[in-house]
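Student:
Number of protein chains: 2
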Amino acid sequence: MDPKLFPGAIELLVLEILSEGPSYGYEVTQTVLSRSAGRFELKEGSLYPALHKLERAKMLTAFWQEAEGRRRKYYKLTAAGRKALAARKTAWREFAAGLEGVLGASPRRAGTSHA
Amino acid sequence: MDPKLFPGAIELLVLEILSEGPSYGYEVTQTVLSRSAGRFELKEGSLYPALHKLERAKMLTAFWQEAEGRRRKYYKLTAAGRKALAARKTAWREFAAGLEGVLGASPRRAGTSHA
DNA sequence: AGCCATGCATCGTGCGGCTAGGTATAGAGA
DNA sequence: TCTCTATACCTAGCCGCACGATGCATGGCT
Chain A
11 MDPKLFPGAI
21 ELLVLEILSE
31 GPSYGYEVTQ
41 TVLSRSAGRF
51 ELKEGSLYPA
61 LHKLERAKML
71 TAFWQEAEGR
81 RRKYYKLTAA
91 GRKALAARKT
101 AWREFAAGLE
111 GVLGASPRRA
121 GTSHA
Chain B
11 MDPKLFPGAI
21 ELLVLEILSE
31 GPSYGYEVTQ
41 TVLSRSAGRF
51 ELKEGSLYPA
61 LHKLERAKML
71 TAFWQEAEGR
81 RRKYYKLTAA
91 GRKALAARKT
101 AWREFAAGLE
111 GVLGASPRRA
121 GTSHA
């Protein structure tokens with residue numbers, strides 16, 4: 011696995027939310043905020059570029075819709091998006107497992123085994 | 011919590027390893043590699059700058075030592091480093107909890123509650 | 001002698017997310 | 001009416017982190 015930290019957590023979040031049904035930018039930020047128990051405050055400067063990038067990558071499709079006199083841009087997951095979501099979820103769990111593996115390992119020092 | 015994804019996982023790993031006793035660069039990479047079950051391959055271009063940064067931040071102290079004819083730079087955790095490790099561990103678990111909260115939430119759509 | 005593993009280090013690049021800024025409408029309150 | 005807040009979308013530019021590439025040195029094996 012790529013040793014790079016965990017890039018694209020934002021995309022993972024977006025993909026997950028949209029996998030449960032179409033939504034739009036502002037609502038996504040609110041959903042993530044409440045679901046993460048207030049931990050993740052998605053910034054617009056991060057969210058919108060991410061949304062556009064995922065759309066360009068054909069993982070999302072967008073459509074405008076009026077509601078309550080408000081112009082909203084809804085996004086919907088494509089089949090490719092669903093596949094990407096599964097892959098990123100796996101990558102995330104792998105990463106978490108790797109990190110927990112290091113954090114939780116028995117405090118053995120240096121020349122432990124490798125003999 | 012800071013909405014920023016999870017920067018500095020490398021520093022968390024380094025801090026954790028060194029909390030179990032002094033070690034040096036090359037050994038840290040090997041320890042992380044085995045503990046993460048081969049998932050994290052710490053690159054020198056990431057590790058050494060991180061080590062230097064943590065040292066500048068007084069979280070580590072360094073001392074040179076010869077062993078097997080090899081010149082090694084050992085690093086040791088300071089009290090500040092121990093505090094930082096605890097804080098970062100907490101931040102990590104918070105982050106993981108937040109992400110799992112979003113991933114695992116019951117697939118309720120839009121107008122769920124917030125009434 | 002030549003090669004690989006060990007061991008330390010830095011420079012330049014690339015990418016991701018943020019700050020800051022801009023536009024617009026609806027509804028509430030002064 | 002005017003202003004302020006929440007809703008709703010978007011972009012440019014910055015900055016920090018991690019990486020690839022590279023350089024240097026030595027010990028041990030063949």
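Here the protein sequences line up with chains A and B, keeping their order. Be aware that the first sequence starts at 11, since it is given in my numbering, and climbs by one per residue. Be aware that the second sequence starts at 11, since it is given in my numbering, and climbs by one per residue. Where a beta carbon is used, it is the ideal one built from N, C-alpha and C, also for glycine. It should be emphasised that the depicted structure is a prediction, and the values quoted were computed from it without experimental measurement.
#1: With distance defined between alpha-carbon atoms, name the residue in K68/B, T100/B, R80/B and R82/B nearest to T88/B.
#2: Give the DSSP-derived three-state secondary structure of R118/A in the structure shown.
#3: By the 10 Å Cβ neighbour count, where 16 or more other Cβ atoms means buried, how is P32/A classified, buried or exposed?
#4: What does the Cβ neighbour count give for W74/A, buried or exposed, with the cut at 16 atoms within 10 Å?
#5: How about Y85/A and L95/A: are their beta carbons less than 7 Å apart?
#6: Could you say which of L25/A, G111/A, F50/A and S29/A lies nearest to L61/A if we only look at CA atoms?
#7: Apart from the five residues on each side of it in sequence, which residues of its chain come closer than 8 Å, Cβ to Cβ, to L43/A?
#8: Can you have a look at V112/A and say buried or exposed, based on whether 16 or more other CB atoms are within 10 angstroms of its CB?
#9: With distance defined between alpha-carbon atoms, name the residue in R80/B, I27/B and Q40/B nearest to G114/A.
#10: Which bits of chain B does E26/A rub up against, with CB to CB less than 7 Å?
#11: What three-state label does DSSP hand A67/B in the structure shown?
#12: Would a C-beta distance cut-off of 7 Å place L22/B and R98/B closer than the cut-off?
#13: Less than 8 Å between C-beta atoms, sequence neighbours within five positions excluded: which residues of the same chain meet that for S29/A?
Tutor: Put simply:
#1: Taking the second sequence and counting its residues from 1, one reaches residue 88/B at position 78. Of the candidates K68/B, T100/B, R80/B and R82/B, the one whose C-alpha sits nearest the C-alpha of T88/B is K68/B.
#2: Start at 1 with the first residue of the first sequence, and residue 118/A comes out as number 108. Only weak support exists for where R118/A lies, its pLDDT of 49 falling under 50; the value from the coordinates is given anyway. Secondary structure of R118/A (DSSP, three-state): coil.
#3: One-based indexing of the first sequence puts residue 32/A at position 22. So P32/A ends up on the buried side.
#4: For the purposes of this step, residue 74/A is identified with residue 64 of the first sequence, where counting begins at 1. With fewer than 16 other Cβ atoms within 10 Å, it is exposed.
#5: Indexing the first sequence from 1 puts residue 85/A at position 75. Indexing the first sequence from 1 puts residue 95/A at position 85. Going by C-beta atoms, Y85/A is not nearer than 7 Å to L95/A.
#6: In the first sequence, the residue the question calls residue 61/A occupies position 51. When each option's Cα is compared against that of L61/A, the closest is L25/A.
#7: If you number the first sequence from 1, residue 43/A lands on position 33. Result list for L43/A: F50, E51 and L52, in chain order.
#8: Within the first sequence, the letter at position 102 stands for residue 112/A. Taking all protein chains in view, the Cβ of V112/A is crowded by 16 or more other Cβ atoms within 10 Å, so the residue is classified as buried.
#9: As a position in the first sequence, residue 114/A is number 104, starting the count at 1. Nearest neighbour of G114/A by Cα position, chosen from R80/B, I27/B and Q40/B, turns out to be I27/B.
#10: Counting from one through the first sequence, the residue named residue 26/A turns up at place 16. Chain B residues near E26/A: V112 and L113.
#11: Here residue 67/B refers to the residue found at position 57 of the second sequence. Three-state result, A67/B: coil.
#12: Counting from 1 along the second sequence, the entry for residue 22/B is found at position 12. Counting from 1 along the second sequence, the entry for residue 98/B is found at position 88. With a cutoff of 7 Å on beta-carbon distance, L22/B and R98/B are scored as near each other.
#13: Position 19 of the first sequence holds residue 29/A. For S29/A, where only same-chain residues beyond five positions count, the Cβ hits under 8 Å are L87, G91, R92 and L95.
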